[in-house]
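Input: a single structure, listed below in structure tokens.
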Amino acid sequence: IKNIAVLTSGGDAPGMNACIRAVVRTGIYNGINMFGVLQGYQGLITNNIIPMDARSVSNIIHLGGTVLKTARCLEFKTDEGMDLAYENLKLHQIDALVVIGGDGTFTGARRFAQRHQINVIAIPGTIDNDLYGSDFTLGYDTAINTVIEAIDKIRDTADSHDRLFFVEVMGRDSGCIALRSAIACGAEAVLLPERATSLDELIKQLEAGAATKKSSSIVIVSEGHKQGGAYDIAKHVKEKFNHYDTKVTILGHLQRGGSPSSFDRILGSRLGYAAVNELLKGNTQQMVGLRGNDIKLTSLDEALTEHSFKLESDLLEMTKVLSI
Ligand code: F6P
């Protein structure tokens with residue numbers, strides 16, 4: 005392997021820049037010519053590919069977002085799109101690719117490597133923590149910290165006014181952000197995509213809190229919650245429960261931004277470093293992930309077909325016990 009390109013694809017996540025930096029510098033350290041692809045798979049198709057040297061990734065480790073930019077690219081799902089992308093890689097004599105993103109990115113990488121002669125290593129980068137083969141995905145820790153900071157502020161005003169807040173958080177079909185934030189913010193309840201919620205139970209719990217003089221309540225709602233988002237649940241609860249004035253906050257995309265936490269900077273660095281080393285060992289169609297405190301490989305086939313229930317059972321239990 006002489007030339008390696010790196011790209012970020014799908015939703016951005018804090019820590020991606022730390023990871024890009026590690027990929028580029030590990031490659032250069034090993035005598036490889038490094039390239040960056042701008043705007044994810046879109047940039048492969050439009051030949052938006054630039055050479056990268058060690059200085060091109062200076063002073064980015066602390067930045068949120070991705071300096072390579074990202075996109076969700078529909079054209080790369082077609083054979084024609086992939087063939088164009090491959091032509092452009094050949095133009096630069098690029099023989100291996102590091103892709104950073106979520107399951108959509110991995111699906112594209114696997115199909116691309118099966119169709120064309122290109123070695124690929126994938127890095128789990130998404131705030132959702134919804135990938136098999138890595139205990140934590142890049143950006144998840146920072147996103148939780150961002151959510152906590154926002155909800156702490158909501159708690160101040162909720163408490164001053166004796167109010168009930170429904171706060172909706174991201175995560176797509178994963179309740180990981182919601183559950184950890186609920187524990188860390190002392191939320192009164194959390195509604196998750198992975199579990200059905202009895203709204204009558206929720207109302208009973210809120211009533212018990214009001215009866216024992218709780219001055220505010222916060223209910224965290226995952227955006228993927230099957231019985232509706234924060235507005236739907238608030239409307240339903242309000243019909244039967246009127247001890248507090250009720251408000252709704254959707255945290256939205258602020259959860260994806262911000263300077264990465266130490267955890268994500270270090271995870272991004274470890275995964276980027278490992279990805280290049282695995283390519284140099286001849287590995288392909290694998291994901292590098294964190295298991296325990298070790299970096300481990302998982303085949304893309306396994307990463308895309310296996311699913312793990314990532315909600316910690318003790319945290320689930322604690323949401324009930326600690327919120328009385
Ligand atoms: O996958 C990351 C994520 O932020 C999800 O939590 C959310 O559902 C989705 O991306 C939002 O995507 P977009 O930025 O394209 O609206």
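Residue numbers for the sequence shown follow the UniProt record's numbering, so the first one is 5 and each next one is one higher. Each residue gets a CB set at the ideal place from its N, CA and C atoms; glycine is no exception. The structure presented is a predicted model; accordingly, all values stated were derived computationally and were not measured.
Beta-carbon proximity list for Met322, same chain, < 7 Å, skipping 5 on both sides: So the list reads Ile187, once near-sequence residues are dropped.
Contact set for His66: own chain, Cβ-Cβ below 6 Å, skip 5 residues either direction: Ser263
Asp134, buried or exposed, once every other Cβ within 10 Å from all chains shown has been counted against 16: buried
Reduced DSSP category for Lys300 - H, G, I as helix; E, B as strand; rest coil: Three-state result, Lys300: strand.
Nonlocal neighbours in the same chain, by C-beta distance under 7 Å from Gln43, ignoring five residues either side: Asn52, Lys73, Thr74, Ala75
Cβ-based neighbour list, residue 362, same chain, cut-off 6 Å, excluding 5 preceding and 5 following: Examination of residue 362 is not possible in this model, given that the chain is present from 5 through 328 alone.
beta-carbon Ile131 near the ligand F6P non-hydrogen atom, thresh 7 Å: Yes.
Residue of Lys230, Thr288, Gly35 minimising C-alpha distance to His120: Thr288
Cβ distance (whole Å) where Ile26 is taken to contact Ser273 below 8 Å: According to the sequence provided, residue 26 is Ala. The question's Ile does not apply to it. Indeed they touch by this definition, with Cβ atoms about 4 Å apart.
Local Cβ density within 10 Å of His229, reported as buried at 16 or more and exposed below that: buried
C-beta contact flag for Thr302 and Tyr136 at 8 Å: Cβ atoms of Thr302 and Tyr136: closer than 8 Å.
Secondary structure of Arg295, DSSP reduced to three states: Arg295 falls in the strand class under three-state DSSP.
Arg76 - partner residues in DSSP beta bridges: DSSP output for Arg76 lists no bridge partner at all.
Residue from Leu195, Gly68, Gly35, Gly69 whose Cα sits closest to the Cα of Asp57: Gly35
Where the alpha helix (DSSP H) through Ser266 begins and ends: Note, Ser266: alpha helix (DSSP H), 266 to 284.
As assigned by DSSP and simplified to three states, the class of Ala200: coil
Euclidean distance between Cα positions of Ala9 and Gly129: 17 Å
Beta strand (DSSP E) segment containing Ile54, residue limits: 53 to 56
Within 8 Å, strictly: CB atoms of Lys239 and Asp99: no
Contiguous alpha helix (DSSP H) assignments of at least 4 residues, all confined to the stretch 167 to 249: Runs found: 180 to 189, 203 to 215, 234 to 244.
DSSP beta-bridge partners of Met38: Listed as beta-bridge partners of Met38 by DSSP are Ile8, Met56.
Lys314 versus Cys180: straight-line alpha-carbon distance, rounded: 7 Å
Whether Ala193 touches Leu255 by CB criterion (8 Å): Not in contact: Ala193 and Leu255 (Cβ atoms no closer than 8 Å).
Any non-hydrogen atom of the ligand F6P closer than 7 Å to His229 Cβ: Taking the Cβ of His229 as the reference point, every heavy atom of the ligand F6P lies at 7 Å or farther away.
C-alpha distance - Gln97 paired with Ser185, whole-angstrom precision: If you take the alpha carbons of Gln97 and Ser185, they lie about 45 Å apart.
Contact check, Phe39 vs Pro55, beta carbons under 8 Å: yes
Where Gly105 sits in the DSSP three-state scheme: strand
Straight-line gap, Asp236 to Ser13 (C-alpha atoms, nearest Å): Taking the straight line from one Cα to the other gives about 32 Å.
Under 8 Å between C-beta atoms of Phe169 and Leu210: no
Contacting residues, own chain, Cβ-Cβ under 6 Å from Val28 (five flanking each side not counted): Met38, Met56, Val61
Nearest-angstrom Cα separation, counted from Leu284 out to Val225: 44 Å
Expected contact under 8 Å - CB spacing of Gln46 and Cys77 to nearest Å: 4 Å
Cα-Cα separation, Ser164 to His247: 15 Å
Arg199 Cβ short of 7 Å to the ligand F6P heavy atom set: no
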